[in-house]
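Inspection log for the structure reproduced underneath, given as structure tokens.
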Amino acid sequence: MLGFLKEPVVVTAKINVNLMALTVMGLISRLWGLCYPRAVVFDEVYYGQFVSLYMKRIFFVDDSGPPFGHMLLALGGYLGGFDGNFLWNRIGAEYSMNVPVWSLRLLPALAGALCVPLAYQILVELHFSHCAALGAALLILLENSLITQSRFMLLESILIFFILLAVLSYLKFYNLQKRSAFSGSWWFWLLLTGVACSCAVGVKYMGLFTYMLLLAIAGLHFWHMIGDQNLSNVSLLCHFLARGLALIIIPMGMYLSFFYVHLALLYRSGPHDQIMTSAFQASLEGGLARITQGQPLEVAYGSQITLRNVLGKPMQCWLHSHTNTYPIRYENGRGSSHQQQVTCYPFKDVNNWWIVKDPGMQQLVVSNPPRPVRHGHIVQLVHGITTRYLNTHDVAAPLSPHSQEVSCYIDYNISMPAQNLWRVEIVNRESDTDVWKTILSEVRFVHVNTSAVLKASGVIGASLPEWGYRQLEVVGEKLSKGYHQSMVWNVEEHRYGKSQEQKEREVELHSPTQMDISKNLSFMAKFTELQWKILTLKNEDTEHKYSSSALDWITMDTNIAYWLHPTSGAQIHLLGNVATWASANAAALVYLCLSLWYLLRRRRKIYDIPEDAWQLWVSAGGICGGGWAVNYLPFFLMEKTLFLYHYLPALTFQILLIPVVLQHLGNHLCRSVLLKSMFSALIVAWFSSVYFVYCTFSPVTYGQPALSLTELKALRWKDTWNILIRKQ
0 MLGFLKEPVV
10 VTAKINVNLM
20 ALTVMGLISR
30 LWGLCYPRAV
40 VFDEVYYGQF
50 VSLYMKRIFF
60 VDDSGPPFGH
70 MLLALGGYLG
80 GFDGNFLWNR
90 IGAEYSMNVP
100 VWSLRLLPAL
110 AGALCVPLAY
120 QILVELHFSH
130 CAALGAALLI
140 LLENSLITQS
150 RFMLLESILI
160 FFILLAVLSY
170 LKFYNLQKRS
180 AFSGSWWFWL
190 LLTGVACSCA
200 VGVKYMGLFT
210 YMLLLAIAGL
220 HFWHMIGDQN
230 LSNVSLLCHF
240 LARGLALIII
250 PMGMYLSFFY
260 VHLALLYRSG
270 PHDQIMTSAF
280 QASLEGGLAR
290 ITQGQPLEVA
300 YGSQITLRNV
310 LGKPMQCWLH
320 SHTNTYPIRY
330 ENGRGSSHQQ
340 QVTCYPFKDV
350 NNWWIVKDPG
360 MQQLVVSNPP
370 RPVRHGHIVQ
380 LVHGITTRYL
390 NTHDVAAPLS
400 PHSQEVSCYI
410 DYNISMPAQN
420 LWRVEIVNRE
430 SDTDVWKTIL
440 SEVRFVHVNT
450 SAVLKASGVI
460 GASLPEWGYR
470 QLEVVGEKLS
480 KGYHQSMVWN
490 VEEHRYGKSQ
500 EQKEREVELH
510 SPTQMDISKN
520 LSFMAKFTEL
530 QWKILTLKNE
540 DTEHKYSSSA
550 LDWITMDTNI
560 AYWLHPTSGA
570 QIHLLGNVAT
580 WASANAAALV
590 YLCLSLWYLL
600 RRRRKIYDIP
610 EDAWQLWVSA
620 GGICGGGWAV
630 NYLPFFLMEK
640 TLFLYHYLPA
650 LTFQILLIPV
660 VLQHLGNHLC
670 RSVLLKSMFS
680 ALIVAWFSSV
690 YFVYCTFSPV
700 TYGQPALSLT
710 ELKALRWKDT
720 WNILIRKQ
């Protein structure tokens with residue numbers, strides 16, 4: 000029974016020395032001197048703020064993309080014991096001792112290092128030689144721009160890692176398709192493809208480009224499977240469902256999970272709250288939640304409320320009035336009603352309070368039991384401090400002459416009666432009998448007499464002149480089929496009014512609200528709102544010193560100065576390996592020309608290369624050339640500030656195309672021994688030039704050693720490069 004113990008237990012393993020060596024070299028090139036410089040480098044000033052907010056559990060919104068990449072950077076800070084206490088206000092600022100610089104930069108550096116062996120494996124899975132795969136990996140290893148971008152607290156290296164991992168996983172899955180479908184390894188690589196795609200999209204939306212490419216390739220491969228008569232209908236259905244699960248369902252679930260973790264971590268109120276709805280703000284600890292916690296849920300006749308405009312940009316504001324009136328005549332000569340001004344005010348103020356009144360009764364307090372206001376009910380809104388009624392009439396608004404002026408009615412004993420009845424319409428109602436709810440309900444106020452809708456036009460336009468204290472204009476907009484968010488309001492602060500006397504009511508309005516009902520948003524409601532904000536909230540794009548156009552990237556006519564030593568000439572630049580970039584462009588051009596030539600010849604039934612070589616050429620082009628195209632061409636359609644680092648994912652694919660083209664030329668165009676020898680010698684000379692350029696620019700890749708004035712000037716190979724030279 001124990002006979003197996005007579006022989007020693009032996010474990011054998013295959014070790015790919017090439018892969019191991021490339022991994023070690025990648026780690027050395029990215030991790031060496033990682034703490035240098037111990038100062039804020041370029042966009043670390045941007046991402047560092049989010050890391051600090053994660054450490055303090057403070058909510059934020061970043062319109063640049065999903066939160067997964069930020070969470071990975073924050074993980075580095077967490078592992079290093081970072082407490083979040085650092086002021087990220089200036090590039091070049093020295094890090095204090097509590098900032099774990101090595102830990103914060105570790106994950107991007109590891110991701111950048113692992114891109115080297117990933118490039119090797121991708122070429123192997125594309126069925127190219129190990130020599131070609133080794134060349135691809137070495138080109139990634141010696142690419143100065145990829146080294147620079149991966150050595151700091153930035154996201155591009157992490158994005159590229161997940162993109163390459165997704166491509167490699169799909170290729171391994173596809174190569175297992177014919178010999179071991181539905182095996183454990185087949186499922187592993189298929190599922191890893193979906194996971195890597197979701198991670199790439201979760202880091203930056205640029206990951207969508209490669210994700211869409213892989214979906215298209217998977218769809219094309221499945222289309223070919225449909226024509227395989229050896230596969231039954233049941234088998235095809237299983238293949239379809241497996242791909243749908245792994246490439247669509249799981250990535251969607253993981254994408255949601257990124258936001259779930261993000262929202263679970265960031266539960267405290269912070270500086271970005273104001274762009275979110277009142278319901279979202281109230282779900283966070285502190286801030287608005289401290290004010291609104293326990294407010295009455297249902298708005299009733301007699302309720303005292305503040306009304307916040309739902310649009311919330313460029314700034315949040317509340318329906319407001321004060322004792323000042325509109326001027327009798329505006330600057331352009333148009334007349335006004337001279338009624339009390341109504342505006343949208345971007346700060347909390349006692350003049351933001353309104354009382355919901357039943358038109359059929361005089362009382363301004365909540366009855367017992369309260370009578371809730373429902374969708375379609377007619378109400379009057381009484382300004383809490385001045386006790387004047389919200390009103391609109393056929394008088395042009397001060398800044399929007401095609402809309403009606405909104406005011407609080409003053410009776411001047413002239414032929415202009417009050418028109419102060421408003422119909423409450425709950426936009427997000429589930430039924431026509433819904434009750435108007437605090438924070439949760441989004442409502443429109445439709446004027447009964449004129450059908451105009453209460454709208455904060457100043458939110459999307461200009462502010463009032465000095466006579467209106469530069470506050471935002473509120474108008475009555477004629478009712479249309481559609482509606483804009485500037486026409487929608489929600490109750491933010493709410494109390495049940497108890498005082499009928501004006502003086503007592505003023506004291507009540509100045510008092511904090513405290514009641515007994517709490518409101519919590521579901522995760523999906525919070526996710527939907529946050530996702531919409533990320534997609535629609537765009538900072539005003541301003542021209543940056545180092546911004547560039549997509550055309551500048553191909554020929555590397557631009558660079559970015561990342562860091563400059565305060566006293567010496569040491570500096571770090573995002574600057575690529577000129578030899579590699581030029582070779583990548585040449586390879587793309589050769590691939591395109593050869594492909595067109597082959598297609599024309601094949602159309603004439605002339606086959607210059609064997610069919611298996613043609614399929615290899617096409618599949619490699621689909622991955623490498625297609626990866627370059629989908630990650631580059633969309634930038635020509637984008638209206639945003641662009642930088643050279645946006646090109647790095649596309650460049651990575653283009654670099655992979657170089658050994659593809661070189662092996663093809665060597666195998667199929669260099670037919671004689673002499674030509675093959677000459678071609679090999681040229682490749683050695685070319686690769687030597689790549690290494691030479693890498694070494695030449697390594698001082699501005701790693702920031703050390705410091706270069707002299709003459710040496711810096713010698714690095715300016717193009718007039719468009721901005722090498723920083725101190726004045727003597």
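Take 0 as the starting number for the sequence shown in numbering that gives the first Met the number 0 and just add one per residue. In this text, a Cβ means the ideal position worked out from N, Cα and C, and glycines have one as well.
Per-residue DSSP class, three states only, for K712: helix
Beta-bridge pairing of F444 - partner residues as DSSP gives them: V423
Buried or exposed by the 16-neighbour rule on C-beta atoms within 10 Å, applied to G738: An answer regarding residue 738 cannot be provided, because it is not within the stretch 0 to 727 covered by the chain.
Residue burial classification, W31 (beta-carbon count within 10 angstroms, cutoff 16): exposed
Separation of V692 from V577, as counted between CA atoms: 7 Å
In DSSP terms, what Q338 is bridged to: Partner(s): none; Q338 has no beta bridge.
4-residue-minimum alpha helix (DSSP H) runs that sit fully inside the segment 167–249, ordered along the chain: 176–179, 183–202, 206–225, 232–243
Neighbour-count burial assignment, W421, 16 or more Cβ in a 10 Å radius: buried
N350 (DSSP reduced to helix, strand or coil): helix
Helix, strand or coil at E476 according to DSSP, with G and I counted as helix: strand
Straight-line Cα distance separating Y77 from P698: 31 Å
Exposure of V341, with buried meaning 16 or more beta-carbon neighbours within 10 Å: buried
Coarse secondary structure for S302, derived from DSSP in three states: strand
CA nearest to the CA of L520, picked from T276, R428, L235: T276
Supposed contact pair Y266 and K356 - C-beta distance, whole angstroms, cut 8 Å: About 38 Å; that fails the 8 Å criterion.
S102 - containing alpha helix (DSSP H), residue span: 100–124
Those runs of the beta strand (DSSP E) which lie wholly inside the segment 522–604 and span at least 3 residues: 559–563, 570–573
Span of the beta strand (DSSP E), counted from its first residue to its last, around I377: 377–382
Inter-residue spacing [alpha-carbon to alpha-carbon] between L735 and N88: This structure cannot speak to residue 735, because the chain is shown only from 0 to 727.
Where H261 falls: helix, strand or coil (DSSP): helix
From A241, S336, H261, residue whose alpha carbon lies closest to that of G64: H261
Cut-off 6 Å between Cβ atoms - residues of its own chain near G75, not counting five sequence neighbours on either side: S102, L103, L105, L106
Under the three-state DSSP convention, the category P7 falls into: coil
Presumed contact (8 Å Cβ cut-off) between L158 and M205, rounded CB distance: 6 Å
Three-state secondary structure assigned by DSSP to T731: Residue 731 falls outside the range modelled here, since the chain spans only 0 to 727, and no answer is possible.
Status (buried if at least 16 other CB within 10 Å, exposed otherwise) for A12: exposed
The segment 402–412 contacting the segment 239–252, beta-carbon criterion three pairs below 8 Å: no
Reduced DSSP category for H374 - H, G, I as helix; E, B as strand; rest coil: coil
Residue closest to T579, alpha-carbon to alpha-carbon, out of H376, N143, Q48: N143
The segment 217–227 touching the segment 193–209, judged by at least three CB pairs closer than 8 Å: no
Own chain partners of P66 with C-beta closer than 7 Å, once the 5 adjacent residues on each side are dropped: F257, F258, H261
Inter-residue spacing [alpha-carbon to alpha-carbon] between V306 and L463: Sequence inspection shows Leu at residue 306; the Val mentioned does not correspond to that position. Those two C-alpha atoms are separated by around 20 Å.
Pairwise C-alpha distance: A20 and V233: 45 Å
Strand pairing of W317, partner residues [DSSP]: R307, Y344
Beta-carbon contacts of T432 that lie in its chain and below 8 Å, excluding the five residues immediately before and after: R373, H374
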